[in-house]
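**Q** The structure follows.
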Amino acid sequence: MGGDNLKKNFRWVLLAGGILSIFLLVIFLSGINPERIEATLPSTIKDKDGETIISLDREHRREEISIEKVPDHVLKAFIAVEDIRFYEHSGVDVRGISRAAASNLRETGNPFQGSQGGSTITQQLVKNTLLSPERTLLRKMREAWLAYRVERSLTKEEILEYYLNYATYFHHNNYGIQAASKFYFNKEVSDLTLEEGALLAGIIRHPSRLSPHEYPEESKKRQETVLLAMKEGGFISEEEYNQAKSRNLEEFLAPIPQRKFVHPHFVDYVIYEEALPILRDIIGSRDLPRGVQDAEKLLYFHGLTIYTTMDRNLQVRSEEIINNPASYPASGKDEGGVIQPQGALVLSEPETGRILAMVGGRDYGYHNMINRATSHRSPGSALKPILVYAPAMEEGLISPASLLEDTPTAWKINGQEYKPKNFNDTYAGTTTIRNALVRSLNVPAVKVYNDFLGRERGIAYGKSFGITTFDESDRHNPAAALGGLLNGVKPVELTEAYATLANKGTRMEHHTISRIENRQGKILYEHRPQGKKVVSEETAWLISNILKDVVARGTASSLNLNFPVAAKTGTSQDFRDAWLVGYTPSLTATFWLGYDKGDTPVVNRTVYTTRVLQDIMSYALRDKNNRDFERPENIVGPVSICSLRGHLATNTTPANYIIRDYFHVNMVPTQYCTAFTGGSIPPPLEEEEEIEEELEEEEGEEEEEEVEGEREIIEIDLEPREPDKDKKIEEEEKEIEEEKREEKKEKEDRLIEEEKEEPEVQEDPG
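Under full-length UniProt numbering, the first residue of the sequence shown is numbered 1, with each subsequent residue one higher.
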């Protein structure tokens, strides 16, 4: 039996020798210069103005240290456990490979799989700085050849210095032994003790699984393995071994240091959502260092410059707002020590798709690294314009003045009854699409989505708007119209969807990276905006016009800005998520408020969502020439409509049965209202403007007499009057606006005092 094992082991020794004997063939395949080890540089992330945000080397903590400052017992710890024959071989240790192969064969039955690596320190240096990490025969051959060349080019001390600075990773974003020493022990490498050096030498085998902070028992066992290797290698005495082994980690391990993170959510998004995927796509380019086949190595070690879309002033202001306790109801910490509730804020430029600022929560730290701007949350009614009303309007199924019955309604879905309710179980009766959206009524939204548009067509539009989180089950769920998606939506994607409306129906892919350059300044990647038409300009304008009404008199009426703005609120089931999206032609802003676990209702939500959005939008647009949404030529109106039939009003239609709204030219009703007969001739459309002015005066007299249940006369924004045309009316309008501001202020003050607040307009759904 023993003879058979000996023969097998001998065959593996011959195989290893054979592999090494042909390494000279790699000369013609490699072309990698080992001197490039010296050329590793950190990549830099810059803002839209070219100012440096962060150096990824500093963010991922790397500090160089000369070999003279590393204590001898620390060097011996790494040599003992990683490469005991370091001073004897010329880059590749044939005996070490054979020993590792035999050990792995006994352990797993495969010489290349097991706990023994067999790579020398020189090979590890080559592998971690010049080559990709895949395990192939060709890569192993190149590694062996380059290790040999490194040994010919550098001294053993230089190899150790490069290895400890560039080829070692110690978890928690610590690259290099100096950064690790400061992180784990809060001291310089020169001050490390024997047990501390052994602990660091043990971590690098499996950094994420041997962190003393996360896996203290495993880390301690690994440290003892290193100490034993040092003793058996003759580097330390029995007494030193026992003394170092006896010390508990708690005696010398420093607590995780608190550190200042620089715009962490935005930077994380740049790195993980965009930079790494982009680099994976361009690996192999002739503009990259040869042999670089790993995106992370390319990002962290090859001196790239990443230009982003960040507006530094907006980012700083957004972080101040999100971290301000005044932006939240009463707060506390969950069992993980994370403050609750949390918030997320995203700002973008609709015309370009540039993400200007992103904050994914407050109190960022090692205990709280979630980017809630990319988390999945239930959008509630914030999804209605995207999934229901804009698609239905684009398909020519509805217009703002279309009439629907808002009454208790049930649907049979897969044999089960689905019966949505409005908030507080109140219903408007016959109402318009405009009113249904402004008041965020649930039943009309489900009717349009389920009966008119169709669920699959609605989801197809949702995807075109940039929502990627749809599940197959959503296709069969009419509650999707109310935001009831299985996976919810991401705030950053909802921002892109509303930015599409702001940009006249054209979706610009939202992004944070403008371009990436290599260290020589050559462009490796450049974002080239390509717009995708989702809905027409007319549909986008009509929806935006309705959502301006949401601010004027609907669920976002507390939003008091001195420029035209469209907005939509959203509240999920049981008030667990609160949303407010606001936009102008030049800015889209989305704020989410809620608890991470989604198990607690958000009280006073309207107060806080409004406060945050008002603060950031007024700041972002403070010095801008804020224009209104440009009205397309194919939009006509306001047109007077009879609220009883939805037909054109005549001069016999009573004022309290007249609504006025805008239409796409192809959607203007062609029939006249016959509900009120009297033999009068209906007015031609070109006389609508004169009738509109007369009805305005009548409305002013009758407004105070309106009671709940009457047909609502919809107010819409008209073209501004000339200053000298009617000064008296202008003064009256100013007084009315001032009264509205005072009412909003009183309402906000009252809501703050309430312990539990219901939505300002009760039909905003739960």
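Virtual Cβ for every residue (Gly too), placed ideally from N, Cα, C.
If you're wondering where the values come from, they're calculated on a predicted model, not measured in any experiment.
Give me the Cβ distance between residue 786 and Gly303, rounded to the nearest whole Å; I'm assuming they're in contact under 8 Å.
**A** Since the first residue of the chain shown is 1 and the last is 766, residue 786 is not available in this structure.
**Q** Measuring straight from C-alpha to C-alpha, what distance separates Ala357 and Ser348?
**A** 7 Å
**Q** Quick check: the segment 172-180 against the segment 242-255, are there 3 or more CB pairs under 8 Å?
**A** no
**Q** On the criterion of 16 or more Cβ atoms from any shown chain inside 10 Å, does His171 qualify as buried, or is it exposed?
**A** buried
**Q** Does the Cβ-Cβ distance between Asp596 and Asp334 come in under 8 Å?
**A** yes
**Q** I need the boundaries of the beta strand (DSSP E) containing Pro277, first residue and last residue.
**A** Counting along the chain, Pro277 falls outside any beta strand (DSSP E), though it belongs to the alpha helix (DSSP H) covering 276-282.
**Q** Please report the distance separating the alpha-carbon of Thr555 from that of Lys568.
**A** Rounded to whole angstroms, the separation of the alpha carbons of Lys568 and Thr555 is 8 Å.
**Q** Kindly indicate which residue of Gly343, Val338, Arg312 has the alpha-carbon position closest to the one of Ile322.
**A** Gly343
**Q** Under the three-state reduction of DSSP, which class applies to Ser514: helix, strand or coil?
**A** Three-state result, Ser514: strand.
**Q** What do you get for Pro350, buried or exposed, if any count of 16 or more other CB atoms within 10 angstroms of its CB means buried?
**A** buried
**Q** Have a look at Ala254 and Leu125 and give me their C-alpha separation to the nearest angstrom.
**A** 28 Å
**Q** To test your reading of the DSSP string, which unbroken alpha helix (DSSP H) runs of 4 or more residues are found completely within the segment 297-365?
**A** 312-322
**Q** Apply the 10 Å Cβ neighbour rule to Ser90 and answer buried if 16 or more other Cβ atoms are within range, or exposed otherwise.
**A** exposed
**Q** Relative to the C-alpha of Asn414, which candidate in Arg434, Leu387, Ser473, His376 has its C-alpha closest?
**A** Ser473
**Q** Mapping DSSP to helix, strand and coil, what is Leu485?
**A** coil
**Q** Could you tell me the alpha carbon to alpha carbon distance between Val316 and Thr305, rounded to whole angstroms?
**A** Cα to Cα, the separation comes out at about 22 Å.
**Q** Quick check: what's the CA-CA separation for residue 772 versus Ala410?
**A** Residue 772 cannot be examined here, being either before or after the span of the chain that is shown, 1 to 766.
**Q** Please name the residue or residues paired with Phe591 in a DSSP beta bridge.
**A** Paired residue(s): Leu345, Leu580.
**Q** First and last residue of the beta strand (DSSP E) that includes Gln416?
**A** 416-418
**Q** Quick one: what's got a C-beta closer than 8 Å to Leu276's C-beta in the same chain, skipping five residues either side?
**A** Ala295, Glu296, Leu299
**Q** Checking 8 Å against the spacing of the C-beta atoms, do Leu403 and Thr430 come in under that value?
**A** yes
**Q** Report the three-state DSSP secondary structure of Ala556 (helix, strand or coil).
**A** coil
**Q** What residues are listed by DSSP as bridge partners for Leu403?
**A** Thr432
**Q** Can Ala180 and Ala80 be called in contact, C-beta distance under 8 Å?
**A** no
**Q** Give the list of continuous alpha helix (DSSP H) stretches no shorter than 4 residues that lie fully inside the segment 127-188.
**A** 137-153, 156-166, 177-185
**Q** Any chance the segment 475-482 sits against the segment 431-451, with 3 or more Cβ pairs inside 8 Å?
**A** yes
**Q** Check each candidate in Gly594, Ala620, Ser536 and name the one with the smallest Cα separation from Asn562.
**A** When C-alpha distances from Asn562 are compared across Gly594, Ala620, Ser536, the shortest belongs to Ala620.
**Q** Between Glu82 and the rest of its own chain, which residues show a CB-CB distance below 6 Å, the 5 nearest in sequence each way excluded?
**A** Ile121
**Q** Between Val607 and Leu593, which are expected to be in contact by the criterion C-beta below 8 Å, what is the C-beta distance as a whole number of angstroms?
**A** Distance from Val607 to Leu593 at the Cβ level is roughly 10 Å; contact not present, criterion being Cβ atoms closer than 8 Å.
**Q** Quick check on this structure: which residue in Phe423, Asp425, Asn424, Pro408 has the alpha carbon closest to the alpha carbon of Glu417?
**A** Pro408
**Q** Measure from the alpha carbon of Phe261 to the alpha carbon of each residue in Ser586, Cys642, Ser399, Ser55, then state which is nearest.
**A** Ser55
**Q** With Leu437 and Phe591 assumed to form a contact (beta carbons below 8 Å), what rounded beta-carbon distance in angstroms separates them?
**A** Actually they are not in contact, since the Cβ atoms of Leu437 and Phe591 sit about 20 Å apart, beyond 8 Å.
**Q** On the DSSP bridge list, what partners appear for Ser640?
**A** Arg660
**Q** Out of Asn165, Lys412, Ser643, Arg515, point me to the one whose CA is closest to Asn450's CA.
**A** Lys412
**Q** Comparing alpha-carbon positions, which option in Glu68, Tyr525, Phe235, Leu194 lies nearest Glu161?
**A** Ranking the options by Cα distance to Glu161, first place goes to Glu68.
**Q** Spatial neighbours of Glu274 within its chain, please: C-beta separation below 7 Å, excluding the five flanking residues on both sides.
**A** His511, Thr512, Ile513
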